[in-house]
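To start, the structure under review is shown below, and the notes come after it.
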Amino acid sequence: MAEPVLEVHDLHVTFTTEHGLVPAVDGIDFAVAPGQTLAIVGESGSGKSVSSTAVMGILPSNADVSGEVLLDGRQLVGLPADELRKIRGNDIAMVFQDALSALNPYYTVGWQVAEAYRLHHDVSKKAAFRRAAEMLDRVGIPDAARRANSYPHEFSGGMRQRVVIAMALVNDPRVLIADEPTTALDVTVQAQIMRLLADVQEEFGTALVLISHDLGVVAEVADDILVMYAGRAAERGSVRDLFFRAAHPYSLGLLGAMPRVDVPPKPRLTTIPGSPPSPGSITTGCPFQPRCAYTHLVGERCITERPELTPRPGEGNHEAACHLGRRPEVIL
Amino acid sequence: MPDLVWFVMRRLFAAVLVMLALSLAVYLIFYAIPADPAHLACGKPCTPDRLEQARHFMQLDQSTLQQYVNFLKGVFVGRTFGDGTAAVHCNAPCFGYSFPLARPVTTLIMDRLPITASIALGAAILWLLLGVSLGVIAALNRGRILDRLSVGFALIGVSTPSFLLGLLAILVFGFWLNMVPVNGYVPLTESPVDWAWHLITPWIVLAVLQAAAYIRLTRSQMLEELNLDYITTARAKGAGEARVVLTHGLRGVLVPIITLFGLDLGALLGGAIITEKVFSMQGLGDLLISAVGQLDVAVVVGVTLFSAFLIILANLFVDIVHGVLDPRVSHG
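For the protein sequence lines, the chains are A and B, in the order given. Under this note's numbering, the first sequence is numbered contiguously, ending at residue 332. Under this note's numbering, the second sequence is numbered contiguously, ending at residue 1332.
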């Protein structure tokens, strides 16, 4: 693997709330190289979005971030606000889930894309607007030069997401973080947007961090996968490791809940019983233990001892945080 | 743009209808008062003959409906009371004639309007600036000392009667500190400096009282606005905090602020009765109060209609500005 452009080591994010300290992200590591795609998957509340916003440095003021976020080896955590501002939107850009609310309704899309460019380039408004129109054209907005003067509400959902992507890519960032970029879209449009992301990634050599709970999308575009559960890494590895050699019962649960056409159809999709724990509510043992179907194979350890990531057979960096040493048989 | 022209035309037509209904209502109310304006004109002692003469001259001997029709006619072609050498002319647009003041109502209003407008416009600009900036400061420092101070200031502002604050200001700044003139008005055309100097105290008094609503509205709108996704987008683009708040945040806050501002200004232009009284300024409010005291129905009807017209105009202005400020309204 090439040198990673973005490395995250032992990232912790803790929110100070009325109910005390809430650890939303409790020590995760990941890395992504130019042109590569890392998918972070997990249920709502698993900390996947918080990790990405922590990398961007745009968490609210009640969040405490510690650990290492390295961009080309340069530590971003603790960097002065002014320095971080120069990196945001320039070296690391973000695509949001809901393009309608992510775009400012009071300004034209061309203005908004041009603003992203002008924030990092000393150019005239006119030149920036021309650049914005080019970018809108690049992401497949028909008649882009004219449509740049339209407002967000005058676009369809898919076109709006293209605008958001144009805004993120206008500065040719090294890392693109896409937080559920297709969740709010129709299935056919989802495919178009994912293809667009793959195209521009190839063209610009961007490292992509894709946050998703849609394993179907992930299987298609990701190189590596990080499965998060309750603010921690449950399992990580290459896309083949996760799909063919999943070692964590939670990963198996996610796979079982996904409809597939490549294996003989099951009578019905499986579900993971229960719901994810609220952050910080499980302090000892394995956070997945209350919902796990395999605890009887391990016993007491699941309740008393927190499992750490340990190497598993696979393509190299396959690791899982489970006391069950061998690959669990699928229980249906 | 033709859409806008149509819109304004429709609204102006509706405004005329509203004014017609209003003028009729005001006429009927004042003619239901069991007091005879002719009595005042007749003087003391008043013989029945002279009373009858006065009534005839003032056209009060005609039916109420006929008087109303005369009034409407006067607006377009003017009116003449009496005949021969004693005749009194009131040129179109004639909104009635004040016999106690021996002037057409239109002239009276136009004479007084500059004073009221000077007070209202100056105060409005001050309270808009004061209210919005304190509101933004409060929102950005939510829960901290600056927030408490702004909200406390707003609370004092809404709960203080204008005559109290006005009299206190005159006492402290006019008499004790001898910094500003205690009353009087100098036309702008005569001396802009003296004009402003005589108006500064009423401006500040009105601004302090009115700013309260703006502080609270700006604060709550801004807090809501800052939680929106597109604010996060602006941060993710690398916009500095000032740009995030002023360019992206304030834009959405402006719509409700301008709405309130238009209506407040419209109401105030119709006469700041108490403020004018306290500062001895002969504006529209003063004209109205004197007219009520003297049963000068023509002036009361005229000033009331003028105020109503201003309110309608303010509403129209607000709707147009709303369309300009929010592309979702105009580019539906």
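Using N, Cα and C, we set each Cβ at its ideal position, and we do this for glycine too. Values in this document were obtained by computation on a predicted structure and should not be read as measured data.
Note on residue 310/A: under 16 other CB atoms within 10 angstroms of its CB, so exposed under the neighbour-count rule. At least one C-beta of chain A is nearer than 7 Å to the C-beta of residue 1327/B. Ranked by how close their Cα comes to the Cα of residue 1292/B, the residues 1101/B, 1004/B and 1266/B have 1101/B in first place. Nearest CB-CB separation between residue 94/A and chain B: below the 7 Å threshold.
Between the stretch 1252-1265 of chain B and the stretch 133-146 of chain A there are fewer than three inter-stretch CB-CB distances shorter than 8 Å, so the stretches are not counted as touching.
As the crow flies, the alpha-carbon of residue 1182/B is around 6 Å from that of residue 1170/B.
Taking residue 158/A as the centre and dropping the five residues before and after it, the same chain places the C-beta of 185, 189, 192 and 193 closer than 7 Å to its C-beta, in chain order. Remark: fewer than three beta-carbon pairs, one from each stretch, lie closer than 8 Å, so the stretch 1156-1166 of chain B and the stretch 1236-1247 of chain B are not flagged as touching. The continuous stretches of beta strand (DSSP E) do not include residue 1033/B, and DSSP gives it neither H nor E. The DSSP-derived three-state label of residue 1066/B is helix.
Between residue 1270/B and residue 1284/B, the beta carbon gap of about 6 Å places them in contact (Cβ cut-off 8 Å).
Taking a cut-off of 8 Å for Cβ pairs, the stretch 41-49 of chain A and the stretch 226-245 of chain A touch, as three or more such pairs fall below it. Contact between the stretch 209-218 of chain A and the stretch 176-185 of chain A is present, with at least three C-beta pairs closer than 8 Å.
In the three-state DSSP reduction, residue 12/A falls in the strand class (E or B). Going by beta carbons, residue 319/A and residue 236/A fall inside the 7 Å limit. Check the Cα spacing between residue 1207/B and each of 1061/B, 1144/B and 1153/B: the tightest is with 1153/B. Around residue 96/A, the same chain offers 102, 164, 179 and 181 as residues with beta carbons nearer than 8 Å, after the five sequence neighbours per side are excluded. According to the DSSP assignment, residue 235/A belongs to the beta strand (DSSP E) that extends over 232-238. The alpha carbon of residue 1008/B has as its nearest neighbour, out of 1327/B, 1315/B, 1248/B and 1282/B, the alpha carbon of 1315/B.
By the 16-neighbour rule on beta-carbons within 10 angstroms, residue 171/A is buried.
Using a Cβ-Cβ cut-off of 7 Å, residue 1229/B counts as an interface residue toward chain A, since at least one Cβ of chain A sits closer than that to its own. Close partners of residue 1232/B in chain A (Cβ separation under 7 Å): 58. Chain B has no Cβ within less than 7 Å of the Cβ of residue 274/A. CA-CA distance, residue 1276/B to residue 1117/B, rounds to 11 Å.
Residue 227/A is positioned such that its CB atom lies closer than 7 Å to that of residue 251/A.
A residue is called buried once 16 or more other Cβ atoms fall within 10 Å of its Cβ, and residue 1161/B, having fewer, is exposed. Taking residue 248/A as reference, the option from 32/A, 273/A, 187/A and 323/A with the minimal CA-CA separation is 323/A. Burial check for residue 162/A: the Cβ neighbour count within 10 Å reaches 16 or more, so the residue is buried.
Between residue 302/A and residue 295/A, the alpha-carbon positions lie close to 7 Å from each other. Distance between residue 1246/B and residue 291/A, taken at the CA atoms: about 48 Å. With fewer than 16 other CB atoms across the displayed protein chains lying within 10 angstroms of its CB, residue 305/A is exposed.
Contact of residue 85/A with chain B is assigned, a C-beta pair being separated by under 7 Å. Under the DSSP assignment, residue 204/A falls in the alpha helix (DSSP H) whose first and last residues are 187-204. Shortest Cα-Cα distance from residue 129/A to any of 114/A, 258/A, 244/A and 141/A involves 114/A. With fewer than 16 other beta carbons inside 10 angstroms of its own, residue 1179/B counts as exposed. Interface with chain B (7 Å Cβ-Cβ cutoff): residue 105/A is included.
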